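Contents: one structure, followed by commentary.
Residue numbers (my numbering), protein chains in the order written: chain A, 24 to 317; chain B, 24 to 317.
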């Protein structure tokens, strides 16, 4: 089995201080090391529960990575890893963004130390103000013909305006490193809009979150991805935008108390409103162009 | 002008330590003292802004008390009061519940002392877990022919199960002080259900909150009320259930940053799910009765 480091990881843990990072094989599988302090065990517990939960409808299941169990991996000190679907396997030039959902990333059952750490990060980022924060992204730059990835420290400090700009950059054809240039959001309607676009997928997830009481998705992320290869070939409408939920180390069963995950849902509604705003401003500028044409 | 203490106040400030409490007149107006530490001024600011905001649609405006300005009130040390519509004026035997919305009642702009105080209350109540907490209620007891109002200290300690029970008691015909008796939820379909019921009104509010970015309703309450007189006269379907938003001392303008109030909205979605659960369990027990009848 030939394993290598994934090319387009935008957030989450990486190989560091002798600890293994995630790996991918050439058959479309993603190997995720178990995190410390029972987080890894908790994530396995979630995947086991979710993959056998017959009450999760198929149209919702497709927003989660396929789970292939756990496996001891050679060359990685024989450590046990979670084996998942490699979400980027079928994309050759993917733009990717990781958005951590919820207006709080802590939960009452966690340790006091963890809660305080989360509270500080939540207040310093857009988590409290906007109900989500951008953890990382990588965009294919159509002018430079290369990938552009902002520094994580740069991202940590952004406020609401920065989030709005990042969500525009994510679907723009301009050179992205130039902060002065106005993002053209050229691919907004193809990626965010349409019956199979990001917005439509988010709305489908929202409907499920309005009634599901199985899980509380603390500190989970929404991963957005689309293909740039087809756009380069002139086929903008074949961008295959996709939403996936990832990172379940802090998911809790609701223990049958029947309460929905209002923390994730509130953040999701806010995120939806950001995406909808971009689509609407695109519509307006198209209408303006139409009116100003001779 | 003859002013008196309102009969059915279930939460909020009352006359205490020489400070005036709220008053009502015989023409359907409610006089609310301005709270200290700029909270009163902030509430007036909200009412002035909201009542002149032409972008709030009429079908949403009806969920807010009508605002009649401020007025110095005689016999109350000449203190200035906010003059509002008396929401209970047209009800003779109202059942009333005050539900404080949101999974947090604090906001980053507040003082550190206020934030810490809120955090403690939020974690001790169902605010963090359920996205709302019951601040108070008063129910007309159809067996005892009198009003029943749980002690505020009793309410402070209730968890998710207690909330569920309170929401059933609120629409039940049994004697309410007996904790052993099972609430029959006899009026659930008339009060919570139907095209003009509580659930329909909450869903209308939810739609507005999914896109409104004018105000962030920190520490606001939803007041639910219905009439028992008509039920006593055998007309269950004339209960006139009504949802109103109250308490705007901590409302903030969103300063045009375009973010929805995801904190209120998440809690509202959770509250809607509690109400919907009660209606569904009523449907199921009706269906069972139907099947078991000869």
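Think of the CB as a built atom: it goes at the ideal place given N, C-alpha and C, for glycine as much as any other residue. All values reported here derive from a predicted model rather than from experimental measurement.
Residues that residue 156 of chain A bridges to, as DSSP identifies them: For residue 156 of chain A, which the question treats as bridged, DSSP gives the partners A/123.
Residue 171 of chain A in three-state terms, based on DSSP: strand
Cβ of residue 196 of chain A within 8 Å of any chain B Cβ: no
Sequence-distant residues of its chain with Cβ nearer than 8 Å to residue 101 of chain B (five each side left out): 95
Spatial neighbours of residue 90 of chain B in its chain, beta-carbon cut-off 7 Å, leaving aside the 5 residues before and after: 70, 74 and 107
Assumed close pair residue 156 of chain B, residue 123 of chain B - CB separation to whole angstroms, cut-off 8 Å: 5 Å
Inside the region 55-121 of chain A only - beta strand (DSSP E) runs reaching at least 3 residues: 90-95 and 103-108
Coil, strand or helix - residue 213 of chain A by DSSP: helix
Exposed unless 16 or more other CB atoms sit within 10 angstroms - verdict on residue 152 of chain A: Classification for residue 152 of chain A: buried.
Stretch-stretch touch, CB-based, cutoff 8 Å, three pairs: the region 202-220 of chain B with the region 274-289 of chain B: With a cut-off of 8 Å, the region 274-289 of chain B and the region 202-220 of chain B do not count as touching, because too few Cβ pairs lie within range.
Short CB-CB distance (under 8 Å) between residue 44 of chain B and chain A: False, the Cβ-Cβ gap to chain A never drops below 8 Å.
Reduced DSSP secondary structure (H/G/I, E/B, other) of residue 285 of chain A: Here DSSP, grouped into helix, strand and coil, assigns residue 285 of chain A to helix.
Closer than 9 Å at the beta carbon, the chain B residues around residue 131 of chain A: 146, 151 and 152
Within-8 Å CB hit, residue 282 of chain A to chain B: Chain B, which has a Cβ nearer than 8 Å to the Cβ of residue 282 of chain A, makes this yes.
Closer than 8 Å to chain B by CB, residue 26 of chain A: Judged by the 8 Å Cβ criterion, residue 26 of chain A is not in contact with chain B.
Amino acids of chain B, ordered along the chain, whose beta-carbon sits closer than 9 Å to that of residue 57 of chain A: The premise fails here: residue 57 of chain A is roughly 28 Å from chain B at the closest Cβ pair, so nothing lies under 9 Å.
Best match in A/25, A/42 and A/72 for proximity to residue 50 of chain A [C-alpha to C-alpha]: In this structure, A/25 is the residue among A/25, A/42 and A/72 with its C-alpha nearest to the C-alpha of residue 50 of chain A.
Close Cβ partners of residue 31 of chain A (< 7 Å) along its chain, the five nearest in sequence each way excluded: 111, 117, 119 and 161
Residue 232 of chain A: first and last residue of the uninterrupted alpha helix (DSSP H) it sits in: 221-232
Helix, strand or coil at residue 244 of chain B according to DSSP, with G and I counted as helix: strand
Delimiting residues of the beta strand (DSSP E) encompassing residue 275 of chain B: Secondary structure note for residue 275 of chain B: its beta strand (DSSP E) is the uninterrupted segment 274-276.
Exposure of residue 298 of chain A, with buried meaning 16 or more beta-carbon neighbours within 10 Å: Result: buried.
Chain B within 8 Å of residue 79 of chain A, Cβ atoms only: no
Residues, ordered as in the chain, of the region 218-232 of chain B that lie near chain A by beta-carbon distance below 7 Å: Contact residues of the region 218-232 of chain B toward chain A are absent (C-beta to C-beta distance below 7 Å).
Per DSSP, the bridge partner or partners of residue 52 of chain A: DSSP, once it has assigned bridges, lists A/108 as partnering residue 52 of chain A.
Chain-ordered chain A contacts of residue 169 of chain B [CB-CB under 8 Å]: Taking the beta carbon of residue 169 of chain B as reference, no residue of chain A falls within 8 Å; the closest one sits roughly 32 Å away.
Opening and closing residue of the beta strand (DSSP E) in which residue 269 of chain A lies: 265-269
Paired residues, beta bridge with residue 39 of chain B - DSSP: B/42
Inter-residue spacing [alpha-carbon to alpha-carbon] between residue 187 of chain B and residue 278 of chain A: Cα to Cα, the separation comes out at about 15 Å.
Within-8 Å CB hit, residue 292 of chain A to chain B: yes
Cutoff 6 Å; reference residue 181 of chain A; Cβ partners in own chain excluding five residues on either side: none
Assigned exposure category for residue 233 of chain B - 16 Cβ within 10 Å defines buried: That one is buried.
Residue 234 of chain B at chain A interface by Cβ criterion, 8 Å: Residue 234 of chain B counts as touching chain A.
8 Å Cβ cutoff, residue 317 of chain B in contact with chain A: With a pLDDT of only 45 at residue 317 of chain B, under the threshold of 50, the placement of this residue in the model should not be trusted, and no figure is reported.
Residue 194 of chain B - containing alpha helix (DSSP H), residue span: It is not in any alpha helix (DSSP H) - residue 194 of chain B carries neither H nor E in the DSSP assignment.
Under 8 Å from the C-beta of residue 122 of chain A: neighbouring residues of chain B: Going along chain B, no residue has its Cβ under 8 Å from residue 122 of chain A, so there is no contact; the nearest lies around 14 Å.
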